[in-house]
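>
Residue numbers (this note's numbering), protein chains in the order written: chain A, 152 to 609; chain B, 152 to 609.
Structure (structure tokens):
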């Protein structure tokens, strides 16, 4: 390696500086995109600069980057920072194992297998299999690929040229539509089923759509149900959907990218009833489980499915005698980074019990937030909370403007979403370090904004 | 974040321990996959363990993982370790920016844009565009997706249902075939064109195959040429292929996952003549450029192409006013890790000049290795070196057995590959810290193996 004296000491200093700055300025000052490159001196040099100058530039850059670790960050389905996970990620980078073969990755392969087995157990797949993928969208893509190839067994070899349909709810993730475009299924062949008042896919309308399509000679490929929708955190009715899938012989996928890990929490189990009837499940550990982006797993109930759909012979790569432990044969990538070690690391420190407690606490914070909203006529709930998100309005104010002002004044970072043509502020509680006082502080900031800024109402 | 006192100090200690152990034992003892989990105590605990116990387990695991940073690691198209890159990666994990929007990623988006602009300049695309993807296979996938949608403008919306063909060489990467299966094109519709004595695709046979297909009413979708094939490091004849692509109106992609960065090295430019005629280019920075896995970019000559093929509307995500700077609209993923910062970091320290010098030095080492082979009748070159790989045999011995023995005896980690039905040992020179003495030492190890082990000849 390039031998920079004390480079790891400098890394430690920078991490410490970063944390200190975040405690002073939890929300970064918005930066002008037009001038950021020159102001932060980001240009790529023709000749290399010395290590100290590099560390200086990197520090300036880090301190100007929005912090997703601060307690006033409610903007995404991830938040916080865990040192065990960061340490795991750094060691993974230092080892730089490509996760395709036992020969190169060695015991890192065992880590993946242990995690996949544990997640399969939690979902109720028993002797299932799985693969780490670069994000929930790609996990969904692999599930859809498998379903497409099952629907048309010639697709992989000869090309896909039958019209078939995909079902998801109008509040499902956009990757379902995107992936249909990628896989040759066609975005127009995604049927978006309407939801009930809580944002859950209506099983009756799903069955109607399927029946209608079949009457018109169009066969269904896959039903995508969601465990934790992006905006409302809603859970589709898995038992009913599972029955429909079985009745019609359709692949049943569950996109649990956001909500999946809540399976570890007893009080959420009822939302998942019937989920074990599904054929595949997307589980993102980089959202609720606190590991850095990305760490996503596609779980598949029936062993052998991934190999059947993804294996390619490559003599220069698969040279071991223990073929069953060459994970590259069942992944969508060739060279693949080690996303498992950071999850293993954090799991060592938290344990399954720690995760259950963490989710329980966060669910309590959402109830606490809902209480604040109910007790203040300035606020109004747009959709009752289903899990760890809460959508509300500031009565008489534009949600989008509130969010922009909160950021501009460095008070909080939060986003908005559409629900039944209303634009609502979406509060997300996923940072395990979050406390009631942080939630209270957030609402305080909104009250201040509405008073101080003389915002025009809608 | 979880507040473990001195966690960054512990990280620094572990990184130092790792480096020290590698200097003592550059090749790890092969480990028994059946018992690795229990011997290393890898199980996922029900209750969390204390931080010290976790760090102890992590250290044991790290020290049992094959080291791709050691100087006797010749097994993959990546090697070495750079502290600036590791620091960049760790800070990216600590900031945990999802690279979809300016609002969340801020100046990290600028870093991506600067790198994409620079790489476009190097390839000769002028005002091109690009997207970071999770590996060379996926970069190739995106290129093939674009070509498929150009071939059939209805494919994205209505599904793909025309038969079309893809051309690549028999020594091209397996992801081309795999991706054809994923995209609905069909693996059987990939035509593998034979190569000349140096492993380069034969343009005459390519044109013949295209003409033949067209005569049979099958239209070509894409030609994939390779800049640095996996086994031989060969470069296809871009000028001739470019002419054929233009003549027939076919999308011309270059898979430069391995060899792309050699464009930065003057003495390799002649191998790339005509490459700027291509429409898209896969560039992996995690191979020759020394950044940890993965850091791949798909470059596209014509601006607007990525948006046209990948954009999905998502109101809860794209909430800025500066749409042109929302990179999530042009990526295959939704949530996306920051792969750019580590490349930016190492580039600061090396500069473009430093990379050019590094590649020049490595090319010299390959020549040095070829010299050793020519001067010792025990060795025989199987294919003249084209760039940074060298394929040779140990006369009278099985290449596979030699590789296994080298690993078992902890002497070196190196792989083998098939060339014209011969199995050759593939030496890869990509670690910038490598010196002539390390190469000489490697061949010394093989001599020792053949003497000491009493290996049966083939």
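For each residue, glycine too, the CB sits at the ideal point set by N, CA and C. Remember, predicted model here, so these are calculated numbers, not experimental data.
Does residue 600(B) have its Cβ less than 8 Å from a Cβ in chain A?
So, not an interface residue.
> In the structure shown, what three-state DSSP assignment does residue 460(B) receive?
helix
> So what does DSSP say about residue 213(B), is it helix, strand or coil?
helix
> If we ignore side chains and look at the alpha-carbon of each, how far apart do residue 503(B) and residue 254(A) end up?
Spanning the two alpha carbons is a distance of roughly 33 Å.
> Shortest alpha-carbon distance to residue 246(B) belongs to which of 251(A), 212(A), 250(A), 268(A)?
212(A)
> Which word fits residue 167(B), buried or exposed, when buried means at least 16 other C-beta atoms lie within 10 angstroms of its C-beta?
exposed
> List the residues of chain A that residue 167(B) touches, going by C-beta distances under 7 Å, in chain order.
In chain order, 159 make up the part of chain A whose C-beta sits under 7 Å from the C-beta of residue 167(B).
> Comparing the C-beta of residue 391(B) with each C-beta of chain A, is any distance below 8 Å?
no
> Report the three-state DSSP secondary structure of residue 202(A) (helix, strand or coil).
helix
> If you run the structure through DSSP and keep just helix, strand and coil, what is residue 488(A)?
coil
> I want to know whether the segment 295 to 310 of chain B touches the segment 331 to 350 of chain A - three or more CB-CB distances under 8 Å.
The segment 295 to 310 of chain B makes contact with the segment 331 to 350 of chain A; the number of CB pairs closer than 8 Å reaches 3 or more.
> Beta carbons nearer than 9 Å to chain B: which residues of the segment 314 to 341 of chain A have them?
314, 315, 324, 325, 326, 328, 329, 331, 332, 333, 334, 335, 336, 337, 338, 339, 340
> Tell me whether residue 227(A) is buried or exposed, calling it buried when 16 or more other Cβ atoms sit within 10 Å of its Cβ.
buried
> Less than 8 Å between the C-beta atoms of residue 357(B) and residue 344(B), yes or no?
Yes, these two residues count as a Cβ contact at 8 Å.
> Going by the C-beta, is residue 497(B) closer than 7 Å to any heavy atom of the ligand SAH?
This structure lacks the ligand SAH; in fact it carries no ligand of any kind.
> Please report whether the beta-carbon of residue 294(B) lies at a distance below 8 Å from any beta-carbon of chain A.
no
> Give me the Cα-Cα distance between residue 401(B) and residue 373(B), rounded to the nearest whole angstrom.
5 Å
> When the Cα atoms are used, what is the spatial distance from residue 124(A) to residue 563(A)?
Since the first and last residues shown for chain A are 152 and 609, residue 124(A) lies out of range.
> For a contact defined as C-beta to C-beta under 7 Å, what are the partners of residue 381(A) on chain D?
The structure shown contains no chain D; the protein chains it does contain are A and B.
> With contact counted as at least three CB pairs below 8 Å, one residue from each stretch, are the segment 214 to 229 of chain A and the segment 569 to 580 of chain A in contact?
yes
> Less than 6 Å between C-beta atoms, sequence neighbours within five positions excluded: which residues of the same chain meet that for residue 469(B)?
477
> How would you write the range of the alpha helix (DSSP H) that residue 287(B) sits in, first residue to last?
287 to 302
> In the DSSP assignment, find the unbroken alpha helix (DSSP H) run with residue 332(B) in it and report its ends.
For residue 332(B), the uninterrupted alpha helix (DSSP H) segment begins and ends at 326 to 333.
> Should residue 198(A) be flagged as near chain B, meaning a C-beta pair shorter than 8 Å?
yes
> With distance defined between alpha-carbon atoms, name the residue in 471(A), 162(A), 396(A), 266(A) nearest to residue 558(B).
Per the Cα distances, 471(A).
> Smallest Cα separation from residue 393(B): which of 404(B), 383(B), 527(B), 384(B)?
Nearest neighbour of residue 393(B) by Cα position, chosen from 404(B), 383(B), 527(B), 384(B), turns out to be 404(B).
> Name the one or two DSSP bridge partners that residue 343(B) has.
319(B)
> Below 8 Å between beta carbons is the criterion; list the residues of the segment 494 to 517 of chain A that meet it against any residue of chain B, in chain order.
495, 496, 498, 499, 500, 501, 502, 503, 504, 505
> Less than 8 Å between CB atoms is the rule here; does residue 242(A) satisfy it with respect to chain B?
yes
> Quick one: what's got a C-beta closer than 7 Å to residue 301(A)'s C-beta in the same chain, skipping five residues either side?
402
> Do residue 259(A) and residue 216(B) have their beta-carbon atoms positioned less than 8 Å apart in this structure?
yes
> Specify the secondary structure class of residue 398(A) as computed by DSSP and reduced to three states.
helix
> On the three-state DSSP scale, how would you describe residue 447(B)?
strand
> I want to verify the contact list: residues of chain B whose CB lies under 8 Å from the CB of residue 149(A), in sequence order.
The requested residue 149(A) does not occur in the structure, where chain A is confined to residues 152 to 609.
> Scan the segment 269 to 303 of chain B for residues whose Cβ lies nearer than 7 Å to a Cβ of chain A and list them as they occur along the chain.
269, 285, 286, 287, 288, 289, 296
> Does any CB atom of chain A fall closer than 8 Å to the CB of residue 434(B)?
Not one chain A Cβ lies under 8 Å of residue 434(B).
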